[in-house]
Amino acid sequence: MTSSIDNARRALEARASGLVFPRGFVFGAATAAYQIEGSPDADGKGESIWDRFCRIPGAIVDGSSGDVACDHYHRWKEDIAVLKALGLGAYRFSLAWTRLLPEGRGEANAVGIAFYDRLIDDLLEAGIEPYATLYHWDLPQALQDRGGWYNRETAAAFADYAGLAARSFGDRVRKWTTLN
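Just so we're aligned: 127 in our numbering is position 116 of the sequence shown, and the numbers increase by one with no gaps anywhere.
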């Protein structure tokens, strides 16, 4: 793994050697929870609209889903090592609403909060600034079943979720994106 990362870094450095970026420019990478985490049923995570949609026969031509994805939920330490090896200064990830609040509102999932706590702490330890996205189109299925975004209660649930995220991670996450 290291040699391919080193090769990619050297290629990037060669191409970028003549480029000048403004002071304060931050190189980073970005992901979305559904597209990278996998583990849709792990540790109390609730069902999202993507979890349900991908199980509808024929909805996805090749039948693929985010059930495994990059297995970031289990391999996040390796992922941070890759980000660090690439010399990136920021990582924008989305929080899986259903990993924090399995039903979209109500009781918080302490194990889900602990996952993002570890991710954020290790990013900071690696010198990588965490940028958190609150919503990357993975609405909790429980809220969708009650009308989704057409139901104003979903906006109230989102406000509660955003508050939980801010209370849980706001001491370490300084950059937030509301909707991707």
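Backbone N, C-alpha and C define an ideal beta-carbon position, used for all residues, glycine too. These figures come from a predicted structure and were not determined experimentally.
If you look at S179, you'll find it in the alpha helix (DSSP H) that goes 163-180.
Assignment of beta-bridge partners to K186 by DSSP yields Y142. In this structure, DSSP gives S14 a helical state, which the three-state scheme calls helix. Residues of the same chain with a CB within less than 8 angstroms of the CB of A53, apart from the 5 flanking positions on each side, are Y84 in chain order. Y102 is bridged by DSSP to A40, P141.
The count of Cβ pairs closer than 8 angstroms, one atom from the stretch 96-105 and one from the stretch 151-160, stays below three, leaving the stretches out of contact. If you ignore the 5 residues before and after A40, its C-beta comes within less than 7 angstroms of the C-beta of L94, L99, Y102, all in its own chain and listed in chain order. In this structure, the straight-line span from the alpha carbon of I131 to that of I67 is close to 34 angstroms. For the pair A92 and G49, the CB atoms are not nearer than the 7 angstroms cut-off. In its chain, beyond the 5 residues on either side, K56, G123 have a beta carbon closer than 6 angstroms to the beta carbon of R110. Relative to Y45, the option among E58, G181, R183 whose CA is nearest is E58. For R20, the closest C-alpha among the options A96, A166, W87 is that of A96.
F38 and R183 have their C-alpha atoms some 19 angstroms from each other. Within the model, the alpha-carbon separation for F36 versus A168 is close to 35 angstroms.
Residue pairing by DSSP puts S59 in a beta bridge opposite P151.
In this structure, K186 lies near Y142, with their beta-carbon atoms less than 7 angstroms apart.
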